[in-house]
Structures are given as C-alpha cells and as structure tokens.
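Visitor: Top to bottom, those sequences are chains V and B.
Counting from 1, position 180 in the first sequence corresponds to residue 180 in our numbering; the numbering is continuous, with no gaps.
Counting from 1, position 316 in the second sequence corresponds to residue 316 in our numbering; the numbering is continuous, with no gaps.
Don't be surprised by glycine CBs; every beta carbon is placed ideally from N, CA and C.
No experiment lies behind these values; they were computed from the predicted model shown.
Number of protein chains: 2
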Amino acid sequence: MSKRVQVALLLTGNELMSGDTVDSNSSRIALALGAHKIGVGKKITVGDDPELLSDSLIDLCASAEVVIINGGLGPTEDDLTAELIAEVAGKVLVNHPKAIEHLEMWCERRGLELNASNLKQALLPEGADLVANPIGSAVGFATEVNGALVITTPGVPVELTAMLPEICDRIATRVGAGTAFIRRLQTFGIGESTIQELVNKRNDDWPSGVTLGFRSGLPQLELKLQVDDADLLTKRDEAESLLHELIGDHIIGHDDDQLAMALQRALLGQQMSVTTAESCTGGLIASLITREAGSSQIFGSGFVTYSNAAKNSVLGVPEATLVKHGAVSEPVVLAMLTGALEKSGSDIGIAVSGIAGPGGGSDDKPVGTVWMAWGAKEHHRAIRLQVPGSRERFQVIVAAIGLDIMRRQVLALPPIPHYIQRFIHRAP
Amino acid sequence: MSKRVQVALLLTGNELMSGDTVDSNSSRIALALGAHKIGVGKKITVGDDPELLSDSLIDLCASAEVVIINGGLGPTEDDLTAELIAEVAGKVLVNHPKAIEHLEMWCERRGLELNASNLKQALLPEGADLVANPIGSAVGFATEVNGALVITTPGVPVELTAMLPEICDRIATRVGAGTAFIRRLQTFGIGESTIQELVNKRNDDWPSGVTLGFRSGLPQLELKLQVDDADLLTKRDEAESLLHELIGDHIIGHDDDQLAMALQRALLGQQMSVTTAESCTGGLIASLITREAGSSQIFGSGFVTYSNAAKNSVLGVPEATLVKHGAVSEPVVLAMLTGALEKSGSDIGIAVSGIAGPGGGSDDKPVGTVWMAWGAKEHHRAIRLQVPGSRERFQVIVAAIGLDIMRRQVLALPPIPHYIQRFIHRAP
Chain V
1 MSKRVQVALL LTGNELMSGD TVDSNSSRIA LALGAHKIGV GKKITVGDDP
51 ELLSDSLIDL CASAEVVIIN GGLGPTEDDL TAELIAEVAG KVLVNHPKAI
101 EHLEMWCERR GLELNASNLK QALLPEGADL VANPIGSAVG FATEVNGALV
151 ITTPGVPVEL TAMLPEICDR IATRVGAGTA FIRRLQTFGI GESTIQELVN
201 KRNDDWPSGV TLGFRSGLPQ LELKLQVDDA DLLTKRDEAE SLLHELIGDH
251 IIGHDDDQLA MALQRALLGQ QMSVTTAESC TGGLIASLIT REAGSSQIFG
301 SGFVTYSNAA KNSVLGVPEA TLVKHGAVSE PVVLAMLTGA LEKSGSDIGI
351 AVSGIAGPGG GSDDKPVGTV WMAWGAKEHH RAIRLQVPGS RERFQVIVAA
401 IGLDIMRRQV LALPPIPHYI QRFIHRAP
Chain B
1 MSKRVQVALL LTGNELMSGD TVDSNSSRIA LALGAHKIGV GKKITVGDDP
51 ELLSDSLIDL CASAEVVIIN GGLGPTEDDL TAELIAEVAG KVLVNHPKAI
101 EHLEMWCERR GLELNASNLK QALLPEGADL VANPIGSAVG FATEVNGALV
151 ITTPGVPVEL TAMLPEICDR IATRVGAGTA FIRRLQTFGI GESTIQELVN
201 KRNDDWPSGV TLGFRSGLPQ LELKLQVDDA DLLTKRDEAE SLLHELIGDH
251 IIGHDDDQLA MALQRALLGQ QMSVTTAESC TGGLIASLIT REAGSSQIFG
301 SGFVTYSNAA KNSVLGVPEA TLVKHGAVSE PVVLAMLTGA LEKSGSDIGI
351 AVSGIAGPGG GSDDKPVGTV WMAWGAKEHH RAIRLQVPGS RERFQVIVAA
401 IGLDIMRRQV LALPPIPHYI QRFIHRAP
C-alpha cells in the first residue's frame, strides 16, 4: 500500500475511551506540525488493550511515513508503549544507558531514589533513539517500525509541549517540511459567514497565495492568514489590510489577545482608567480585566453590588429610584455608573444590571434582560439588551459586550455595531 | 475477524486534523454509552478525504458491532457521510421522505425556504432509518453496513446531545446493555494518589462490587463510585460512607457541584451572608460566587480594591498601614476584611492581597505570595501562602482556597487542611 499520509497519531489510554478525558494533545501536535506544513492524516485512539494497540500500530505504520504515539510511557503496568513497539517491530527490550541517565538526573533533581518502577521506563526497544524530555521523567524515543518512523511521546501536556520542537525537526528531516507563515487575528462581534461574505465580495482585491482560516471560540473568533513562502509576506500584509478595511472595528488584536487586553491597550493609549459596577455579572468584568498582566495601570477598583441594598449603600443609587424603576432599569444603571466613577475616581466605567436566570424573570423583564450604562461622567449612554442562553453564557456574553463597548468608546469606533443591534431590546 | 469491540467511532472533519478544533463529542458519546455499560473500543479520526474515510469505515465495520460516525452531515460539499456509507455498503442514495419532512418542518420553524443545499441532506442510503434530531437540520440515520450497525450523528454538540438518548437505546438493543449506577462526588484539596492510598489501607472495609474512579480537573477532583446492579446500591452507599469517613472534609458535593455552590449551601444552612475584598484575584471570587444560581440569598456586595488608593478610600485601610507594611501584608488584609464586613453588613468575608505576577515580586515577597484573611468581625484569622504557577493558575487556586476556607469555617471543619499547609509560607 502506498503511504497515504505524512503523519499519523496513535493515542492510547482507557481514560480517552471512557470519555473521562478529552484529548487535547493531538491538537497540540497538529498545530505544531502545521506550522512546518506537515499534515496529520489519520488518528487512531484505543484503550490499554495490547491486541488493539498492536493492530492499530501495524495499520498506521503501513499507511503513514511517521507515527506519533501519545501516552503509555509511564512507570505503571498499563503503560505498554515500549513493549508494543518491540513486539510489532520484532525487537528486544534492552536497558537504555541514556534513558537510565535521564531518570537518574530526574530523580536527583527531585531528591528521590531511583526505584524499580522508574527503571521500567528505561527498558526500550533495541536501537531506540531518545527524544529529550527537559521536564518530566517519561522517556520519549524514536525508532523504525515496518518502514515508518515511530516517535513516542508522553501524555502529560507540558512534557509533550516541551518535546515538540525536537519532534517537529525530526519529522521535517524525514518527510520534508516548509514553513507556514501564519498571522492570527482575534475578532469579536462578527461571525465566520459574514466575514467570508465580505471577503468574497472583494475577491478581486484578495491577494493570491493567502489563505484565510477560522477558529471559533466563545466569545471571540480567531482568523488565520497563511502564506507558505516568505516572499509572500507582503501579500499577507495586504490581506490583513483588506480585513482591517472590511471589519477593522471588530479586530481586537493578534495572537492570543483577549478583549480585556484590547481594552487595556486602548486605555493606556489615552492614559485613562476604568471602573466597574456589576450586578448580574457579579465581578466577572473586573475579573477579566485583572486577569491580564499590567491591569494595575488602568484599573484601581470595581464594585459588585448584587443586592438593592448594596446598590444604595455602596454606590449611592437612591432608594426611590430602585423602588420606582426596579433594579434592572436605565436610571439604576446610570446611577450605578455615576457612583462607581465618583468612588473610584476613574475616567470611564461600565455598569450592568440584569436577570441572569434561571429565576427572577417577569413578563416585562424576562430572563436575559440587561441594562448597561457606560462612559465618562459627562459622556455616557445606556442600552437595554436581551441576551439568550444559560446563566453562564449570559454572564460571559454580557461581560464581553461590556468590555467591547468601552473599547469602542475609548477608540472612538462605531459605538453600537451590528452584533449589539441584534441584542437590543425593542418594545413589542 | 471476530468483532473485538462493541462500539467504534469514526470522527470526520479537517478541523479535527489541523488541531483547530478539540474533539469533545467522542467524550459525550462515551459517557452516555458508559451509563448503559456499553464500551467504545476504538476511534478513528480522519479529514474530509473520501479514500481515508472509506478505508476507515470498512476497517471499523469489520471490528465493531456498532459504528457511530460523527460529523459530515451538513449541507456543504465537504459533507460526505451519506455518500461514504452508500459507497461502502453498495447502496444507492435516494430521497428519504421522512428526511424531507424533517427539513421542511425545520425550515418552516425558522421562516426559511427549503433550498437545494438543504435538500442534499435528505439524500440518504436506501433503507436508512432516521434518528430524530429535535434541534437542528442535520439528518442522522441508522443503517446496516457490512454486518455492523452504522449510526450517523451531527458534529454540532447540542444536536448530538439531544440525539444521544435514542442512539443509546438503539445500540443497547443491538449489543445488549446494563446500567452503570454511578455516583459522582466532587472533592477539593486532596489528590488521586492520596485518596487511593487511604482507600487501600481500608481494603478490608471496601464493599465488593464497587469501583472507584477519578476524573481530574482544576481545581476540583471528581470521584466516581460505580456498581453494575441495582442490588448493589447499598454497597455503593457504604463505599460513599467510607469515603466520608476518610476524606469527608474534602467532599464538597455531588454531580457538577462547584466550591461556590458548596459554600452557598453551607451559608444557607446557617442563614449567613458573605462578602469579598479582592486585590490579586480581581473579582474572581465574587464572580465564582455569583456564577451559581441562588447566590443572591447569600451575597449582597463585593469589593475589588486593586490599587492602594482604593484599599484606603473604598475599604478604609489606613494609609499608614499600607505604607508601613505594604499592600501584601497581614495588617492590610485584616483591614480589608474589616472594611468589607462593615460596608456590606455581611456575616463573614474573605480578603486577599498578593502578587499574581509576572511582575511585581521582590526578594521578600516573590511572585506567588498572597495574604488571605477570612472570617467574621469577632472571629477571623489570616495566613500567608506561596502559590506557584502562572498568573491565571495563581488566581484560580487562590480563589478556590478562599472559597474552601470559608466553607470550612461555616461548617466548623478543620480550618487548615494538609493541602493548605503545603502552600503556607515559612520564613527561611
């Protein structure tokens, strides 16, 4: 059979079969290889069953140039990888001097004695070539099996990640590699199909050789601009410029940027500070702001006023306003905003009050209703939104909108983009 | 070849191969089948490649009694599942009247016209039997292929989840099923190996027929107690009682309970309320408390005092204390706690101030240092901890310890269990 795929993965572990563990290692491996333009063509996942493991390894060695095995390298009896390879390749297991050295050093660093179960990890198929594991005790190695290069890797994500650069190099030597020049952009408030439509309409202006990919998350959507040659980097820049022209106000940053980081940068650019007055999001907006390193430069204090009493005593919302309009109302969020700006001395702020559910809704104000006020003392506004979904999703989306709406104000971008329009409450 | 496994999965989609999407659907399927004591023995994942798909389906039909295909049911050209099955099974594709009916109803509910690309979804292998999809447009079906029962399922998680009960029933009819009586316990502050050791020491008291499993998360660890017969439910209760005896103060609840829910229950039991005064966790503790429905019964307000100025102006921490001891100090967290209790009128509270990093550390107070004060006005204490890891991990762990330490106070449990001892700072 001709080798149909460059790289195949064999994932092992009963916890992957029972559903108790979600496999994220194969995504790590594929992303790392993808940056070298090496593709993973097939994955097989089986439990710690010698017969299934051996059938699967034989199958993959026949169909791929390189097989990466993930898992089964530990010191316990379930860890079958070295035996499996020895059996399929018809090799004997021998004590590997460099593996023993690795285990001795690892034990020494942790002040442990090397014991028999650790030493099992040094028993490798004859002729195996170690792959350096700078972090853990697991011994990864490379060896030939039935015409394929087989590389074993540990299941512990940090160890795997630390070993991936060397593994990518070894595979590149075997199958040849290129470089994928990938530019990642983070967007918020616009969907994949809308972006694709806008790009399609400008098909004539899209630079050739640049591919556009998507990776969806909640609440952000990642765009990937890829070229396969350094000569095309200016084309990639052109594509990025076109995207900025088409959806610039939705592009919040690069790489792993989050909305809160985009807000932090915008505030730093204007030397402004921000405060929060949260009811239904219960501290989530403040938490997102302070999750980012450097947030102390733009954030001094925030208030979680969950009860009516707290809205009054902490932020000075008049009792009469609460009684007359209810906690989820325009006058209340405006008073919360004013109170938070005064107490904190911040330049701008956000105030939210809503009904996250599952209880607490009424005909007038059903679950999902939220009033949001944002801005500065002299320049602010408020809107009423209706955000569907579970309590958790409601909080995540309301917090994200809150961060984005402040970013838009600070950067003088269109304040209420299409996506917020969708959520705006309209009286029946 | 004899059928080695009951159920096999075939997962399709280029996004699963590129690493852009982490597959969580196979975990959903395995957990649902596991509850019926039906095991998934093998999974193959390939991209939208007709040849790889067809080889994989032939392989799985030969080795499993049932094959579930996930993905590839949509209306676009990449969606190859129906064609694949027709080809492998040697059947023709025909318009399926019930599938057309399903699509018509789905379009009608959404006010859409049924178009050609939708209608492609009704083109199914002859003799296919629909599986009801109460949520989406995708048409799942069951059909015989080379002696195996093949069931197709949509890649959209909510649609898959809605279809799983019927799918489990169909598979149970085919392969036979039992019931796994699973009791899930949530624990915090104790590791898998420690629990296993404690249980091993009491081996004689462990009821036979009860298995103990683990599912790790951050920051909680889930325990699974399983029996395979309703007659053994009292045995399972015995095992649960033994666990309560051994690690009762670490068991925070059942099913999907989170620490914040355990705290909420404890507070409700004593008719007490809680407040938060957060510096380094920046609102995360308040956010976790209010993520739980019902939190308004125990939480009125919380304070995020990130800057020194805010600690003084919002919570009344004396400027002199801040200057003399620094923001990360015992007197400051005690003053923050006092301030928050007074401002909120709550019965108990937590105050944290620390250095989340990556910057801001010193020789005296390196990154990871945190002072925590908790309790009531007249009954409180403070500790200094050293929590390693990234900024995000630091915040998650400090928040979890904060919630747990309050739960322990309210329930009069050992206040400083072993796991916190580990983090306690000791002067060199």
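What do you get for Gln196 (chain V), buried or exposed, if any count of 16 or more other CB atoms within 10 angstroms of its CB means buried?
Guide: Exposed, by the Cβ-count rule.
Visitor: Report the three-state DSSP secondary structure of Lys224 (chain B) (helix, strand or coil).
Guide: Here Lys224 (chain B) sits in strand by DSSP.
Visitor: Quick one: residues in its chain with C-beta nearer than 7 Å to the C-beta of Glu319 (chain B), no 5 flanking neighbours on either side, listed in chain order?
Guide: Correct list, in chain order: Asn312.
Visitor: From the DSSP output, read off the bridge partner residues of Lys42 (chain B).
Guide: Answer is V:Val46, B:Ala8, bridged to Lys42 (chain B).
Visitor: Does Ile195 (chain V) come out as helix, strand or coil in the three-state DSSP assignment?
Guide: In the structure shown, Ile195 (chain V) sits in a helix (DSSP, three-state: H, G or I).
Visitor: Return the residue from the list B:His325, B:Leu232, B:Asp23 that minimises the CA-CA distance to Asp364 (chain B).
Guide: Of the candidates B:His325, B:Leu232, B:Asp23, the one whose C-alpha sits nearest the C-alpha of Asp364 (chain B) is B:His325.
Visitor: Counting only Cβ pairs nearer than 9 Å, list the residues of chain B close to Pro154 (chain V).
Guide: Residues of chain B passing the Cβ test: none, with the nearest at roughly 16 Å.
Visitor: Does the segment 119 to 132 of chain V come close enough to the segment 74 to 93 of chain V to have 3 or more Cβ pairs within less than 8 Å?
Guide: Flag = yes, the segment 119 to 132 of chain V and the segment 74 to 93 of chain V touch.
Visitor: Identify, in the order they occur along the chain, each residue of the same chain with its Cβ nearer than 7 Å to the Cβ of Arg439 (chain V), setting aside the five sequence neighbours on each side.
Guide: Here chain V has residues from 1 to 428 only, and residue 439 (chain V) is not among them.
Visitor: 8 Å is my cut-off, CB to CB: does Met291 (chain B) come that close to chain V?
Guide: Looking at the sequence itself, residue 291 (chain B) is Arg, so the reference to Met does not match. Yes - at least one Cβ of chain V is within 8 Å of the one on Arg291 (chain B).
Visitor: Could you give the DSSP three-state label for Ala142 (chain V): helix, strand or coil?
Guide: Of the three classes helix, strand and coil, the one that applies to Ala142 (chain V) here is strand, per DSSP.
Visitor: If you count every other CB in all the chains shown that lies within 10 Å of the CB of Met105 (chain V), and 16 or more means buried, which is it?
Guide: Exposed.
Visitor: Note down, in chain order, every chain V residue with its Cβ under 8 Å from the Cβ of Val46 (chain B).
Guide: Residues of chain V passing the Cβ test: Gly41, Lys42, Lys43.
Visitor: Could you name the residues of chain V that Gly359 (chain B) contacts, counting a contact when the two beta carbons are closer than 9 Å?
Guide: What Gly359 (chain B) touches in chain V: Ala293, Gly294.
Visitor: For Pro358 (chain V), count the other beta carbons within 10 Å of its own beta carbon; 16 or more makes it buried, fewer makes it exposed. Which is it?
Guide: Exposed: under 16 other Cβ atoms inside 10 Å.
Visitor: Less than 7 Å between C-beta atoms, sequence neighbours within five positions excluded: which residues of the same chain meet that for Ala382 (chain V)?
Guide: Correct list, in chain order: Glu330, Val333, Leu334, Trp371, Met372, Ala373.
Visitor: Can you give the Cα-Cα distance for Thr369 (chain B) and Ser279 (chain V), rounded to whole angstroms?
Guide: Rounded to whole angstroms, Thr369 (chain B) to Ser279 (chain V) spans 30 Å at the Cα level.
Visitor: Which residues in chain V have a C-beta closer than 8 Å to the C-beta of Glu392 (chain B)? List them in chain order.
Guide: By Cβ distance, chain V contributes Arg291.
Visitor: Of the residues that make up the segment 176 to 189 of chain V, which ones have a beta carbon closer than 9 Å to any beta carbon in chain B?
Guide: Result list empty, no residue passes.
Visitor: If you run the structure through DSSP and keep just helix, strand and coil, what is Asp78 (chain B)?
Guide: Correct three-state label for Asp78 (chain B): coil.
Visitor: Contact defined as beta carbons within less than 8 Å: I believe Gly34 (chain V) pairs with Ser18 (chain B). What is the distance between those atoms, to the nearest angstrom?
Guide: Rounded, the Cβ-Cβ distance is 6 Å, consistent with contact.
Visitor: Taking 7 Å as the cut-off, does the CB of Val370 (chain B) come closer than this to any heavy atom belonging to the ligand GDP?
Guide: In terms of ligand content, the structure shown is empty, and the ligand GDP therefore cannot be addressed.
Visitor: Count the other CB atoms within 10 Å of the CB of Lys201 (chain B); is the residue buried (16 or more) or exposed (fewer)?
Guide: Exposed, by the Cβ-count rule.
Visitor: Keeping to the same chain, check which residues put their C-beta closer than 7 Å to that of Ala260 (chain B); ignore five residues upstream and five downstream.
Guide: Excluding residues within five positions, the ones whose Cβ falls inside 7 Å are Leu288, Ile289, Arg291, Glu292, Leu403.
Visitor: Check each residue of the segment 252 to 285 of chain V: if its Cβ is closer than 7 Å to any Cβ of chain B, include it; give the result in chain order.
Guide: Result list: Gly282, Gly283, Leu284.
Visitor: Going by DSSP, name the residue or residues bridged to Leu185 (chain V).
Guide: V:Leu223, V:His254.
Visitor: How close, in whole Å, do the beta carbons of Val139 (chain V) and Met163 (chain V) come, if the pair is a contact with beta carbons under 8 Å?
Guide: Not quite, the Cβ-Cβ distance comes to about 11 Å (not below 8 Å), so this is no contact.
Visitor: Since I believe Ser273 (chain B) is in contact with Gly300 (chain B) (beta carbons under 8 Å), could you give me their beta-carbon distance rounded to a whole number of angstroms?
Guide: About 6 Å; that satisfies the 8 Å criterion.
Visitor: When you compare only the Cα positions, how much space is there between Thr21 (chain B) and Ser27 (chain V)?
Guide: Roughly 7 Å between the two C-alpha positions.
Visitor: Below 8 Å, can you find three or more Cβ-Cβ pairs linking the segment 201 to 212 of chain B to the segment 233 to 253 of chain B?
Guide: Yes, they touch.
Visitor: Return the chain-ordered ranges of every alpha helix (DSSP H) run that is complete within the segment 298 to 336 of chain V and spans a minimum of 4 residues.
Guide: The qualifying runs are 308 to 313, 319 to 325.
Visitor: Residues in the same chain with beta-carbon distance under 7 Å from Ser295 (chain V), minus the five sequence neighbours each way, listed in chain order, please.
Guide: For Ser295 (chain V), where only same-chain residues beyond five positions count, the Cβ hits under 7 Å are Gln264, Ile289.
Visitor: Pull up the DSSP beta-bridge partners for Asp129 (chain B), would you.
Guide: Beta-bridge pairing links Asp129 (chain B) to B:Ala142.
Visitor: Can you give the Cα-Cα distance for Asn14 (chain V) and Asn133 (chain B), rounded to whole angstroms?
Guide: Using only the alpha carbons, I get a separation of about 30 Å.
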